[in-house]
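Scroll down for the structure; my scribbles are underneath it.
Number of protein chains: 2
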Amino acid sequence: MQGVVRTLAQRSIRPSQALRPSLYRTWPAIARYNSTTQGPRTPSSATPTTPTASAVNTEPNQSTQTKRRWSGLRITLLVAKYTGFLIGSAAVGVLLIGAGVFVHDAFTYSERHLDRVPVSPLALNPKRGGPKNLPIAEVTLEDEENEESIKIAGKPRLVIIGGGWGAIGLLKTLNPGDYHVTVIAPETFTTFTPLLPSAAVSTVQVRSLIEPIRKIIARVRGHFLNGYAVDLVMSEQLVEVETVASDGMKKRLYVPYDKLVIAVGSVSSTHGVPGLEHCFQLKTINDARNIKRRLFDNFETASLPTTTPEERKRLLTFVICGGGPTGVETAAEIYDLCQEDIVNYFPKICRKEVEIYVIQSRDHILNTYSESISKYAEQRFNRDGISVITNARVKEVWKDKVVYTIRAEEKDKDGKVVKVNKEVSVPSNFVLWSTGIAMNPFTRRVSDLLPNQVHKKAIEVDAHLRVVGAPLGTVYALGDAATIETSVVSHILELVDEADKDKDGRIDYNEWQIMVARIKKKIPMAGPHLEKVRDLFERYDIDHDDSLTINEVATLLAELGNKITSLPATAQVASQQGKYLGHKLSKIARKEAILAANGISSDVGDDVVSKPFHYRHLGSLAYIGNAAVFDYQGLSLMGGLAAMYAWRSIYWSEQVSSRTRALLMFDWVIRGIWGRDLSNI
Amino acid sequence: MQGVVRTLAQRSIRPSQALRPSLYRTWPAIARYNSTTQGPRTPSSATPTTPTASAVNTEPNQSTQTKRRWSGLRITLLVAKYTGFLIGSAAVGVLLIGAGVFVHDAFTYSERHLDRVPVSPLALNPKRGGPKNLPIAEVTLEDEENEESIKIAGKPRLVIIGGGWGAIGLLKTLNPGDYHVTVIAPETFTTFTPLLPSAAVSTVQVRSLIEPIRKIIARVRGHFLNGYAVDLVMSEQLVEVETVASDGMKKRLYVPYDKLVIAVGSVSSTHGVPGLEHCFQLKTINDARNIKRRLFDNFETASLPTTTPEERKRLLTFVICGGGPTGVETAAEIYDLCQEDIVNYFPKICRKEVEIYVIQSRDHILNTYSESISKYAEQRFNRDGISVITNARVKEVWKDKVVYTIRAEEKDKDGKVVKVNKEVSVPSNFVLWSTGIAMNPFTRRVSDLLPNQVHKKAIEVDAHLRVVGAPLGTVYALGDAATIETSVVSHILELVDEADKDKDGRIDYNEWQIMVARIKKKIPMAGPHLEKVRDLFERYDIDHDDSLTINEVATLLAELGNKITSLPATAQVASQQGKYLGHKLSKIARKEAILAANGISSDVGDDVVSKPFHYRHLGSLAYIGNAAVFDYQGLSLMGGLAAMYAWRSIYWSEQVSSRTRALLMFDWVIRGIWGRDLSNI
């Protein structure tokens, strides 16, 4: 950059000579031509010690004469020069980066050998105990490696179950050294789930979406345990974990905790539809790989001479059940794949026969977004030939077809128009199921352990993300696995007890104001519904005696609870909850350390150090095929390629590591230049 | 670059002023300091129309005075300036490339729709025929898509079976439009096999080694058929192909050919060792993936608290059977992985317990390389703690261990030292089998079809790569699937008939010279052994009657044949054979077209248009852990990091496409900056 600026500055001083030397180097032929027509000139290879006065004096006249004659040529040369400069810069840049990386590379190789690795005998042969007399992992293999490990081994044990958005959010904000951290997860990596639809069609590589958990926990010097959490012994603060030995046998052990975070996510809801084993899902890396394999296999099989035209049609019919962001983005990505790559490398008939269906049970696809966005997406899909079928319910999925019902108008035998459920069958060899969430087995188990857990889809937590019913300050849950309680009425006894200062069994307006403050603290999500304090009081004071009876309070609280909508099961919520919890746990650790240093033993509660969790919705976005839609605080944005780049930028900035950021950027570049990889693996 | 050159040139003319303007911009504080201490100076923002004579005249004196005073500062500034320039260039370069790609990206999106795709009814419902009455794929789905397709559909059918080095070499050199090309392969992509060991430990990504065959055949407008060749009907020029339908059922069809190229590679030789089903191989992408999964699973399981110390040791013992390049490189890559990544992210004990064994049946590893290379590699491995066990034979492989025998000296009961076969058992959870090659089922079938095919490991071809015994000029074989005949004696009748001009049943010296010429043409690989024509003649002329009897000729030819070594089963040979065949087939097509245009029907033989295949050995190379060895025409090169980069450059330049080249380069950069991806998928 500075070179450009400098050259321009010099040019204003000495126009003709400032430009030439470099030109001579770039276009020798032109330079020779110039020097023959423009009279004698100092060749650049000659090196006069100082410029003479005569050279300076004769120049202006000559240059004014030649300026006009050669101005056209000069502009051309100027453009060419800067183009040359830019290309040169780019080349230099790339070379430098390459060289830098290789120099760095040379230092990554080490020939160090480990001489002695201190390991506690307890880590090699753990003691047994707990209700099932299983090994208890009290000491890890790493706890005595060096002084720092030994120091961390003495800290409170923070056990995190799961490696998704919630867990990573927590790990990113947790202060290193505050806890002895253990992450338990069945997968050794975390996945950037929002881009799974892209990975499923090779727009980005599957591996660009994952980051090893071990690399993430290195910052807090955490430990990783590859396994499934299966049970919880809250009385002894033990998690029961199932691991797989090399012979495939399952082995169980206990992991002790001081603080436990349940961040295990969810599984897909079946909605009781039979045949879902024939469907694909899109929640993990393996799902994306399986989809990719099936998609490309379908195209390969459709290209075979042994495939009948009917079978070809079936192979090229892609059905997506669920019109949420995942379903919509997958449909869009499949369309992109066909439009940009299939059409170029497969028989054209394979592109022609493609049909993509999105089956949605509601009125619109993307129904959690604003109406204008839904409509824009539908229009776009309509133009692209993607069939959007709304108000339809999938009835059954077969190995070779999907059956759905749709409300239709028909004339009955009297000629009257009646609404009937019409059954439609679509032959297909690819069905994606992406609707709703359900509890996974561990969440279900935890929920069953606690009598006051009644929610069907997740573990109920309070506003501080503490599992309701578990010993205070020991068990947290977040993300898809958790739902913040919205039932105000279940706290009625407490609330009345706290608010009813005169203990007359009735709540007057002053007492009601106290109660409102209490509710806002306990269930912060009720806040927006409690703004009109006086109104509410008067509306529910049926007998107009300027006080509420317990019955009236109960009605009020029940109706208030119904108004609160739970947070959606999105990556955004999980990530924010994780970050909140990480900050809070670090705060707790710091306060306890200070108290302990002063010889005061204390159980610092979450309420003391931190406010309840508050969700800030940063907007929703979705990719809909060379276009993208955004929904940000009521503001709807949608558009083509520019919006798509914006969509990419947001996801790019949300990456868990600079490594995946680089990988992703590179994938997009590769896709732009060479198209998608069509390999069916 | 040009900017740097120009600035240096200007500097020799006007040292002080040439440098300053840009410095002022980069370090304003220094610039201000300079201008206050160095007296009045024209600020760069002022724009005098022409430099005055006085300015030029006064400058030299001033500059000589200040030069010495500020020379230290100036050098510092100069260095800083160029550093700044370089970093600036790099940034500009990256930005430009980024912008360029995104601009390009915008044009890859198209909204075109296919209106009508003409497809021949014969392609949709192929006719049946051949000995098994199967569908015959006479017309492909693409043959009527446009005018060019129709034109190509009329060309001779070239069918290539396989998608490895040989096939790709052929496709790269074949002239577009000469043939109606069909590639039949069970995998939809070609693999850069030499880097599979790197991919198996995540040094490079698995997907960086593959390129879709459809993208490669696009150049010659070829067709791809995903399936296995299972049989050949040479009389009707049909290949029988097995495809898999979407329901997993196998379907067979015939693909007609005018010219057939068998490039199906080989499978691993078992050497009759039992238990090989417990071994990994490293011939395909899936092999590399499976190895990667097992390696990382082993490390994860070894990190579990439920794993016993003995089991941990077993999990971290890696055994490689075979000391060829693949085995050696895999051992080196596993060592690198441990040394560079495992040690940083897994419990240190997991690195400490690692043991890597290379079991080799010969005296040295890399025994096809020069002795100095073998020794260098062994020294290197010895230093790195990789156990090289030579003169050992694997006896059995079990699920949890490897048993090998080794020659050892023992004292018998009389105290005498005797050599015995000692049996050693190594508990391990990872065994790689990488020794030798064997025929795959299709090669076996072709070999069985032809009575004069006797070779055990491959199909015998003549010096023109034509399958011996097949109708001339219709069936070729190359790469691992083929071996060029080395048996001279089998041609004895022909040779004597051609050489024995006076038909006296004896070969005199003149006739022997004719015979030598004939042999060199038929079996070019015999050439180097036929140089001393007179010597040979005299040596085998037992009765010294200055002529050879048929018996003497037979002995000579048999012994000559034994001296010829077959070409190794390497990527290099396959690739060269493919390229040779591609060139030749294009030549044949051209000549035939010219003759046909002149109304002359002719079967142009390979002998007429082309010389026999000649293999040029470009050297062998192997990576041995932050070092590499090269063996080039007897010249042995070996060394550390620099050699490793040379090794990388060679493989890099051998890539099948610029896409994989970019991917590979990026992988190396990513590895250099962030280390390997430790995910077990």
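Sequence lines, in order, name chains V and W.
Numbering-wise (this note's numbering), the first sequence opens with residue 1 and increments by one.
Numbering-wise (this note's numbering), the second sequence opens with residue 682 and increments by one.
Glycine included, each C-beta is placed from N, C-alpha and C at the ideal position.
All of these numbers come straight from a predicted model, not from anything done at the bench.
**OP:** Check whether the Cβ of W/Y1190 lies closer than 8 Å to any Cβ atom in chain V.
**Re:** By this cut-off, W/Y1190 is not an interface position.
**OP:** Determine the contact status of W/Q1257 and W/S1115, defining contact as a CB-CB distance below 8 Å.
**Re:** no
Subject >> Contact with chain W by V/P309, beta-carbon distance below 8 Å >> reply: Yes, contact with chain W.
Original post:
In three-state terms, what does DSSP make of W/D1065?
Top reply: helix
Original post:
Which first and last residues belong to the alpha helix (DSSP H) in which V/N429 is found?
Top reply: No residue range can be given for V/N429, since it is assigned to no alpha helix (DSSP H) and is classified by DSSP as neither H nor E.
Original post:
If we count Cβ pairs, one from each stretch, closer than 8 Å, do we get three or more for the stretch 561 to 578 of chain V versus the stretch 474 to 485 of chain V?
Top reply: yes
Original post:
Who does W/I1118 pair with in a DSSP beta bridge?
Top reply: In DSSP, W/I1118 forms a bridge with W/S949.
**OP:** Could you confirm whether any beta carbon from chain V is found closer than 8 Å to the beta carbon of W/V798?
**Re:** yes
Subject >> Neighbourhood of V/V394 by C-beta, 7 Å cutoff - its chain only, sequence neighbours within 5 removed >> reply: V273, C321, I359, V402, Y404
Original post:
Is the stretch 1123 to 1130 of chain W touching the stretch 909 to 927 of chain W, taking contact as three or more C-beta pairs under 8 Å?
Top reply: yes
Original post:
Are the beta-carbon atoms belonging to V/A257 and V/V159 less than 8 Å from one another?
Top reply: In the sequence under discussion, the amino acid at residue 257 of chain V is Tyr, which differs from the Ala named in the question. A contact, by the Cβ cut-off of 8 Å.
Subject >> Beta-carbon proximity of W/V820 to W/L795, cut-off 8 Å >> reply: no
Original post:
Under 8 Å Cβ-Cβ, which residues of chain V neighbour W/S984?
Top reply: L141, F224, L225, N226
Subject >> CA-to-CA distance, V/G473 to V/H455, given in whole angstroms >> reply: Here the alpha carbons of V/G473 and V/H455 stand approximately 21 Å from one another.
**OP:** Go through its chain and collect everything with a Cβ distance to W/N1072's Cβ below 6 Å, but skip five positions before and after it.
**Re:** R1088
Original post:
From V/I673 to V/D341, what does the alpha carbon distance come to, in whole angstroms?
Top reply: 12 Å
Original post:
In the structure shown, what three-state DSSP assignment does W/V1234 receive?
Top reply: Reduced to three states, the DSSP call for W/V1234 is helix.
Original post:
Would you say W/L1359 faces chain V, with C-beta separation under 8 Å as the test?
Top reply: yes
Subject >> V/F299 to V/T317 span [Cα, whole Å] >> reply: 10 Å
**OP:** From the DSSP output, in three-state form, read off V/M515 for me.
**Re:** helix
Original post:
Exposed or buried, W/Y714, counting other C-beta atoms within 10 Å across all chains shown (16 or more means buried)?
Top reply: Confidence is the limiting factor: at W/Y714 the pLDDT is only 41, short of 50, which leaves the residue's position unreliable, though a coordinate-based value still follows. Counting every other CB atom within 10 Å of its CB across the protein chains shown gives W/Y714 a total below 16, marking it as exposed.
Subject >> Span of the beta strand (DSSP E) around V/E460 >> reply: 459 to 461
Original post:
Comparing alpha-carbon positions, which option in W/V922, W/L822, W/E1010, W/S1051 lies nearest W/G843?
Top reply: Of the candidates W/V922, W/L822, W/E1010, W/S1051, the one whose C-alpha sits nearest the C-alpha of W/G843 is W/V922.
**OP:** Could you give the DSSP three-state label for V/H617: helix, strand or coil?
**Re:** coil
Subject >> Rounded distance between the beta-carbons of W/A1119 and W/S1291, thought under 8 Å >> reply: Wrong, their Cβ atoms sit about 31 Å apart, outside the cutoff.
Original post:
What are the uninterrupted segments assigned as alpha helix (DSSP H) that are 4 or more residues long and contained completely in the stretch 841 to 902 of chain W, given in chain order?
Top reply: 846 to 854, 877 to 881, 894 to 898
Subject >> Bounding residues of the beta strand (DSSP E) (the contiguous stretch that carries W/T982) >> reply: Per DSSP, W/T982 belongs to no beta strand (DSSP E); it is in the alpha helix (DSSP H), 966 to 983.
Original post:
In terms of residue numbering, what span does the beta strand (DSSP E) encompassing V/L493 cover?
Top reply: No beta strand (DSSP E) holds V/L493; the alpha helix (DSSP H) holding it covers 492 to 499.
Subject >> V/Y24, buried or exposed, once every other Cβ within 10 Å from all chains shown has been counted against 16 >> reply: A caution first: V/Y24 carries a pLDDT of 37, below 50, which makes its placement in the model unreliable, though a value can still be read off. If you draw a 10 Å sphere on the C-beta of V/Y24, you find 16 or more other C-beta atoms in it, and that means buried.
Subject >> First through last residue of the beta strand (DSSP E) which encompasses V/F630 >> reply: 628 to 632
Subject >> Within the stretch 1215 to 1293 of chain W, ranges of the alpha helix (DSSP H) (whole runs, at least 4 residues) >> reply: 1231 to 1244, 1252 to 1278, 1287 to 1290
**OP:** Work out the CA separation of W/T764 and W/G1005 for me, nearest whole Å.
**Re:** Taking the Cα positions, W/G1005 is about 46 Å away from W/T764.
Original post:
How many angstroms separate the CA atom of V/A29 from the CA atom of W/G781?
Top reply: Any reading at V/A29 is ruled out, since the residue's pLDDT is 39, under 50, leaving its predicted position unreliable.
Original post:
With a Cβ-Cβ cutoff of 8 Å, do V/F346 and V/S387 count as a contact?
Top reply: Contact: no.
Original post:
Under 7 Å from any heavy atom of the ligand SAH, does the C-beta of V/L196 make it?
Top reply: Because no ligand of any kind appears in the structure shown, any question about the ligand SAH cannot be addressed here.
**OP:** Please list, in chain order, all residues of the same chain as W/K1201 whose beta carbon is under 8 Å from its beta carbon, the five residues on each side excluded.
**Re:** If the five residues before and after W/K1201 are omitted, its C-beta is found closer than 8 Å to the C-beta atoms of A1207, G1208, L1211, all from its own chain and listed in chain order.
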